[in-house]
Amino acid sequence: MRSVGYRWHLRELMACRGMFHTTDLAPPLADRGIEMSASQVRRLVTGTG
């Protein structure tokens, strides 16, 4: 079976836009209709399950 690798770049993209805390991402997501809890945003940014 073939293994597929990936690298998560969200934190880097956030920093390029001046967002240095996971809580900085919630308002832009909400503006686009994506409602997430603080822990969900943290998991999204850190790439943990």
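So the sequence shown is numbered by our numbering: it starts at 1002 and just counts up by one. Here a beta-carbon is modelled for each residue, glycine too, at the ideal position from N, C-alpha and C. Owing to the predicted nature of the structure, the values given are computational and were not obtained by experimental measurement.
Comparing alpha-carbon positions, the option among D1025, G1034, S1038 lying closest to L1011 turns out to be D1025.
For S1040, the enclosing alpha helix (DSSP H) covers residues 1039 to 1047. Check the Cα spacing between A1027 and each of S1038, R1018, M1002: the tightest is with S1038. Residue range 1011 to 1017 is occupied by the alpha helix (DSSP H) that includes R1012.
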